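Input: a single structure, listed below in structure tokens.
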Amino acid sequence: MKEKEDKEIIFKGRVIRQTYDGGDYKIYALDVDKEIYPEIKFTKYGNATITGEMHELGIGIEYEIKAIEQNTKYGYSYKVLNIRRDKPKSASDMYIFLEEILTLKQTNTLYEIYPDIVDRVMNDRLEDIDLNKLPGIKEYTFNIIKEKIIENFCLAELVIEFQGLLSLSMLKKLYEKYTSVNMIKKKLREDPYKCLCGLAKVGFTTADGILLELEKISKENKKNNKDIIIEFDTDLKTSKHRCLSCMLYLLEKNEEEGHTLMSINDLRNQCMKMVPACSNHFVECMKHESIYYNKDSMAVSLKSTYEIEKYIAENIMLGLINLHHQWDFNCAKYYIVNGCELSDEQLEIVKNICRYNICILNGAGGTGKSFCTQAVINMLKDNNKSFKLFSPTGKAAKVLSDYTQENATTIHRGLGYMPPNTWSYNEEHKLDCDVLIIDEFSMTDIFLFKRILDAIDFSRTKLLLIGDNAQLPSVSCGNLLHDFMESHIIPTVTLTKVFRYGEGGLMKVATDVRFCKPYLNNVCERFTWFGDNKDYAFVNIGSDIMVKNAVALYSKLLSQGYKAEEIQVLTAYKKGDIGSISINNAIQKVANKNYGCDEYMKIGDTVYYKGDLVIQNVNNYHAQLYVDDEFCLDEDMDETFIANGETGVVIAIKKEYLLIDFDGVIVKYFRNDMQMVGLGYCITIHKSQGSSIKVVILLTPQAHTFMLNSNLIYVGLTRMKEKCFHLGNVDTVNLAVKKKANFARNTFMQKLLKDICKKIGESLTNAENNKIRKETVQTNE
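Heads up, the sequence shown is in the UniProt record's numbering, so the first residue is 1 and it goes up one at a time.
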């Protein structure tokens, strides 16, 4: 064993098992020879524990570890700085390595044709690899082989090369692009911030710290006649690269908060605080091609984002002025839907579809948007007009399909999205329908809406946007429903009458919440039903026993015949004692009969069993479709898109992967894929938007006061179909109801729409004046 002055320890150990998988961060138990390494501290089980960011290690494989000893509350462990294994030297070593990642048949095939595959990958000599010579190994499988070789041999050498300053995950992304140490160094030298922030997806503050330290150590090494890691062309601390990267970071951070622009003064002030040493480059960087600046409004944005907003505004206006296909249908014929008579304001949307190319239907829960939508569909079907139904999420699409009894799909699937970036319907291939109806439109961001407009020919297709302006805006930047309505340019019907309000149940409660009217007046009992039909119950309960009572209620509902997928627990936060992660672990024990069985997969602190409800937490553009029971890695695997917020059920658990059914789409998720999902018994209120479920259990503890407001509670309440059990504190809820969420987002959209509308108006006026002048001249002649 070797111990350096900075207490870095180098030792070898054989992997026994993985004890924790948190994505990039993992914990392993190792068998270490005590006689060779007497100073290594062992656990009570006689193993050594290693922790840190590392790739998937092979069970039974010996690795060389460079680490720092740590003494924590869990005992001694070793934080990994670098981990590597010996490169296969003999034929038997190579065969054993291939057996770790391939079937026996695949191993024999690859070893026979390309026995030097490790050297080929490490030296990027793959141009003459012919997959046709490798039956059972196609592109997907070969990419897995490449990845394993890179992780086990190439990246470990790169960590050493960069003296541990660049992590494995960073180096992996850089290596995927450049495939050599020299090329990575070259690109880092040319544009270090773009390299780390853009390619390696590292946040600016992290990248800044790494690069400045890299520069510092390189200068010290040069001074002491040691090997230089990398010699930058300029002084990074005062460089233009650093200033521009900081500006782009601030604009991106601004977009993460929902805005598409910020004032130049705010940008400059924040830049001055973060990187004062290079802020003298600010004016020069403002001229960079990636930044848009409007001198009149002094607004700044990413150029690409501004161009998307401009594109949307221009196409919306083009759609509005295209009036060549107005319809002369008998709209009054459709005032009865499912035996119910529509009000005049509800029927107005049917008329607007006939009059305009683009229109909006806005309304709160209980105002009858679903009846209006059905009336529109009835009219279209009677008059042989085709239509498509889209929603931003799988949950919202299912709700739309349920109440219309028509096929509805997510926007991504409706536009034929195919990973990595192919859209079947686009500027060249337009949607073939007379009307496109998009529900829950408030959740649609500008990037996705651009794709929709790409696929619409307004001389052929009309567009109906349906939403509720009291609900939460899109997670990504932009505020399209709000901006479209506030521009007063797009014809809009806003439904105002709330049906069933007089019953005093959930519809009354939700409406009061929407208008910031406290409704828990004189509520002293622990359990209070509201309304004639008792569809809403408020449970006045303290935070300390809230989760316990929620689990008991969940269990009781199951005993009454409800299925787990018919009950949804909602809370404002993911983390904390009353956050979705903690609540999921508690409910799982009563909701899944398979809890505690031998077949499971542990990811981080969560254990998944067959039958578990799960939710996708980020967009997965490369989900691997499961074909059938004979599916194996020697088949080509088609990919599909699983959207953030979609829910599924674990239907099988294997050694290396599990199968999840996302509403009929079955995907195969390996351990790394499982970092993108979580248990779905309890989800955040934000995640629930657009969904509809029989029974909702809404938790609003005092600890969530800062997050809670009328809009969030309104969204939570209106998810239910049959009953809502609301567990909370009276004072906390009444206080939250008085607060209105600030939906204001700084965007260009309203001004763009108005400016374009004004130009079109002036153009039409000039054209009309020219026509009059021409006719006058001809008359005089």
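By construction, the Cβ of each residue, glycine as well, lies at the ideal position given by its N, Cα and C atoms. For clarity, every value in this text was computed on a predicted model and none was experimentally measured.
Quick one, which of the options has its alpha-carbon nearest residue i's?
| i | options | result |
| --- | --- | --- |
| Leu165 | Asn265, Ile210, Ile184 | Ile210 |
| Tyr681 | Val551, Gly690, Tyr600, Ser343 | Val551 |
| Leu727 | Ile760, Phe662, Leu570 | Leu570 |
| Gly52 | Ser301, Arg671, Glu64, Leu81 | Leu81 |
| Cys724 | Tyr714, Val730, Asp731, Thr732 | Tyr714 |
| residue 785 | Asp532, Glu525, Leu679 | Residue numbering for the chain in the displayed model covers 1 to 781; residue 785 lies beyond these limits and cannot be assessed. |
| Asn152 | Tyr175, Ile83, Tyr403, Val202 | Ile83 |
| Trp327 | Ala703, Tyr111, Arg460 | Arg460 |
| Gln577 | Ser543, Cys597, Phe97 | The sequence shown places Asp at residue 577, not Gln. When each option's Cα is compared against that of Asp577, the closest is Ser543. |
| Lys12 | Ala67, Gly258, Cys278 | Ala67 |
| Val32 | Gln18, Thr49, Thr19 | Thr49 |
| Asn672 | Ala313, His55, Val730 | His55 |
| Thr718 | Gln702, Phe706, Leu708, Ser692 | Ser692 |
| Met546 | Thr700, Ile358, Gly478, Phe42 | Thr700 |
| Lys602 | Thr109, Tyr669, Asn426 | Tyr669 |
| Leu57 | Glu176, Gly502, Glu100, Lys89 | Glu100 |
| Ile96 | Gly60, Glu64, Val121, Leu131 | Gly60 |
Using 8 Å for Cβ pairs, my map puts residue i next to residue j. What's the rounded Cβ distance?
| i | j | result |
| --- | --- | --- |
| Ala643 | Gly394 | 6 Å |
| Ile683 | Ala572 | Contact doesn't hold; Cβ gap of about 11 Å is too wide. |
| Lys462 | Val435 | 5 Å |
| Leu236 | Leu212 | 6 Å |
| Gly366 | Met507 | 4 Å |
| Ile660 | Ile653 | Contact doesn't hold; Cβ gap of about 10 Å is too wide. |
| Leu658 | Thr606 | Contact doesn't hold; Cβ gap of about 12 Å is too wide. |
| Thr494 | Ser474 | Actually they are not in contact, since the Cβ atoms of Thr494 and Ser474 sit about 20 Å apart, beyond 8 Å. |
| Leu110 | Ile137 | 6 Å |
Compute the Euclidean distance between the alpha carbons of residue i and residue j, then round it to the nearest angstrom.
| i | j | result |
| --- | --- | --- |
| Asn362 | Thr107 | 60 Å |
| Ile349 | Glu341 | 14 Å |
| Leu158 | Lys295 | 46 Å |
| Ala470 | Ile40 | 60 Å |
| Leu557 | Tyr140 | 45 Å |
| Glu635 | Ser401 | With a pLDDT of only 45 at Glu635, under 50, the local geometry of the prediction cannot be trusted, and the value read off the model is given with reservation. The straight-line gap from Cα to Cα measures roughly 34 Å. |
| Asp227 | Lys219 | 10 Å |
| Asn522 | Lys388 | 48 Å |
| Met94 | Lys105 | 15 Å |
| Lys26 | Ser169 | 13 Å |
| Ile466 | Leu155 | 50 Å |
| Asn280 | Leu302 | 20 Å |
| Ile756 | Ser442 | 23 Å |
| Gln689 | Glu440 | 8 Å |
| Tyr554 | Ser239 | 58 Å |
| Gln778 | Ile760 | Low per-residue confidence applies at Gln778: pLDDT is 40, beneath 50, and the placement is therefore not dependable enough to give any value. |
| Lys517 | Cys354 | 37 Å |
| Ala364 | Ala510 | 9 Å |
| Leu261 | Arg125 | 46 Å |
| Met720 | Val695 | 6 Å |
| Gly561 | Ile567 | 11 Å |
| Ala744 | Leu448 | 20 Å |
| Val202 | Cys195 | 9 Å |
| Tyr403 | Ser370 | 7 Å |
| Met317 | Gln405 | 32 Å |
Excluding the 5 residues flanking residue i on each side, which residues of the same chain have their C-beta closer than 6 Å to its C-beta?
| i | result |
| --- | --- |
| Gln346 | Gly368, Cys372 |
| Lys133 | Ile113 |
| Phe662 | Ile642, Glu646, Gly648 |
| Thr305 | Thr260 |
| Asn734 | Pro518, Leu520 |
| Lys87 | Phe153 |
| Tyr356 | Pro491 |
Starting from the C-beta of residue i, find all residues in its chain whose C-beta is less than 7 Å away, skip the five residues before and the five after it, and write them out in chain order.
| i | result |
| --- | --- |
| Ala277 | Lys237, Thr238 |
| Cys433 | Ser386, Phe387, Lys388, Thr461 |
| Glu768 | In this prediction, Glu768 scores a pLDDT of 48, lower than 50, which makes its location untrustworthy; the coordinate-derived value is nonetheless stated afterwards. Closer than 7 Å at the Cβ level, and outside the excluded window around Glu768, lies no residue. |
| Lys79 | Thr51, Gly52, Ala67, Ile68, Gln70 |
| Glu215 | Phe232, Leu236 |
If I measure Cβ to Cβ from residue i and keep anything under 8 Å in the same chain, skipping five residues before and after, which residues do I get?
| i | result |
| --- | --- |
| Gly505 | Phe530, Gly531, Asp532, Asn533, Lys534, Asp535, Tyr536 |
(request) Kindly provide the ranges of any alpha helix (DSSP H) runs that are 4 or more residues long and lie completely inside the segment 397-446, ordered along the chain. (result) Taking only runs of at least 4 residues, the alpha helix (DSSP H) segments lying wholly in the segment 397-446 are 411-414.
(request) Entirely within the segment 443-523 and at least 3 residues each: give me those beta strand (DSSP E) ranges in chain order. (result) Here the runs fully enclosed are 462-467, 492-495.
(request) Output the residue ranges of the beta strand (DSSP E) runs that lie fully inside the segment 46-80 and measure 3 residues or longer, sorted by chain position. (result) Entirely contained in the segment 46-80, the beta strand (DSSP E) runs reaching 3 residues are, in chain order, 48-53, 62-72.
(request) Any chance you could list the beta strand (DSSP E) runs of at least 3 consecutive residues sitting entirely within the segment 645-689, in chain order? (result) Runs found: 647-653, 657-662, 665-670, 677-679, 682-684.
(request) Write down every uninterrupted run of the alpha helix (DSSP H) in the segment 576-641 whose length is 4 residues or greater and which is fully enclosed by it, in chain order. (result) The qualifying runs are 580-591.
(message) As an exercise, report each continuous alpha helix (DSSP H) stretch of at least 4 residues that is fully enclosed by the segment 135-189, in chain order.
(response) Here the runs fully enclosed are 139-149, 155-161, 168-178.
(request) Enumerate, from N- to C-terminal direction, the unbroken beta strand (DSSP E) stretches of 3 or more residues contained entirely within the segment 324-374. (result) Runs of the beta strand (DSSP E) inside the segment 324-374: 358-363.
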